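Okay, structure first, notes after.
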């Protein structure tokens, strides 16, 4: 069964460093998303992506964040200069237009 | 903006018993989807069940069923014959059908509740 794959599963980075979280969505899905979950809190929407451009972004998704689909398969989330409060679980999801299929998440720890 | 409320931070159920998790939501839209996701300790988000708002019939998936009350904006999850493996966080989520129904190309995000932690005891 096709699945959404995220790498790495866990990343530790120093404050101020750039990180790139990678996702391989399910092929032929149309919509792609990034969500964030700070430990013990609810899952929050960051950004949605359709037709090679951002469809919607939340207030969390400021200038420090960017998304790309560089080669038509991978879908990446970049955080330019990480802060301690960026520590969270980051989920990628892809959607054929009916429901979201989530990856297993990347746990980002900023120290 | 849509909101999703889960008023039960924690619930407990004995193995083989039935438990109901509550969820209410607020929206001005008439077409939407509702979901329950399970998040075990591994923290992966697993879809449990989905309900289309235009369907009056409540969705069921094996031991999982929902009680969808559109007028009351209520969407509860019933787990029958609870098993130890059901212990997890359960999130209720809302999604506009805007992108799906009219295929406008607008990706519809999920709005999540704060979750209910379900414990299953022997």
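Chains as they are written, first to last, in the numbering used here: chain C, 1 to 111; chain B, 112 to 233. Just so you know, even glycine gets a beta-carbon here, dropped at the ideal spot from N, CA and C. Remember, it's a predicted structure, so these values are computed and weren't measured experimentally.
Discussion item. Using a 10 Å radius around the Cβ and a threshold of 16 neighbouring Cβ atoms, would you call residue 25(C) buried or exposed?
Written reply: Walking along the first chain from the start, residue 25(C) turns up at place 25. Burial state of residue 25(C) is buried, judged by a 10 Å Cβ sphere holding 16 or more other Cβ atoms.
Worksheet item: So which of 114(B), 118(B), 115(B), 122(B) has the shortest CA-CA distance to residue 229(B)?
Response: Taking the first residue of the second chain as position 1, residue 229(B) is located at position 118. Comparing Cα-Cα distances from residue 229(B) to each of 114(B), 118(B), 115(B), 122(B), the minimum goes to 122(B).
Worksheet entry | Residue ranges of each beta strand (DSSP E) within the segment 134-170 of chain B, 3 or longer | 135-137, 143-150, 157-163
Worksheet item: Taking the continuous beta strand (DSSP E) assigned at residue 81(C), which residues delimit it?
Response: The count along the first chain starts at 1 and reaches residue 81(C) at position 81. Note, residue 81(C): premise wrong, no beta strand (DSSP E); not H, not E.
Worksheet item: Nearest chain C C-beta to residue 227(B) closer than 8 Å, yes or no?
Response: Reading the second chain from its first residue, position 116 is the one you call residue 227(B). Residue 227(B) does not count as touching chain C.
Worksheet item: Alpha carbon to alpha carbon, how far is residue 152(B) from residue 63(C)?
Response: Locating residue 152(B) in the second chain gives position 41, counting from the first residue. Locating residue 63(C) in the first chain gives position 63, counting from the first residue. Taking the straight line from one Cα to the other gives about 32 Å.
Worksheet item: What in chain B is Cβ-close to residue 65(C), meaning under 8 Å?
Response: In the first chain, counting from the first residue as 1, residue 65(C) sits at position 65. Those within 8 Å of residue 65(C) in chain B number zero; the least Cβ separation is about 15 Å.
Fill in: Residue burial classification, residue 12(C) (beta-carbon count within 10 angstroms, cutoff 16)
Translated into the one-based positions of the first chain, residue 12(C) becomes position 12. Exposed is the call here.
Practice prompt. Could you tell me which residues DSSP pairs with residue 37(C) in its beta bridges?
Written response: Within the first chain, numbered from 1, the residue matching residue 37(C) stands at position 37. DSSP output for residue 37(C) lists 43(C), 89(C) as bridge partner(s).
Fill in: C-alpha gap between residue 17(C) and residue 90(C), whole angstroms
On the first chain, position 17 is the one that residue 17(C) refers to. On the first chain, position 90 is the one that residue 90(C) refers to. About 17 Å.
Worksheet entry | Continuous beta strand (DSSP E) stretch holding residue 22(C): start and end | As a position in the first chain, residue 22(C) is number 22, starting the count at 1. Residue 22(C) -> beta strand (DSSP E) spans 19-24.
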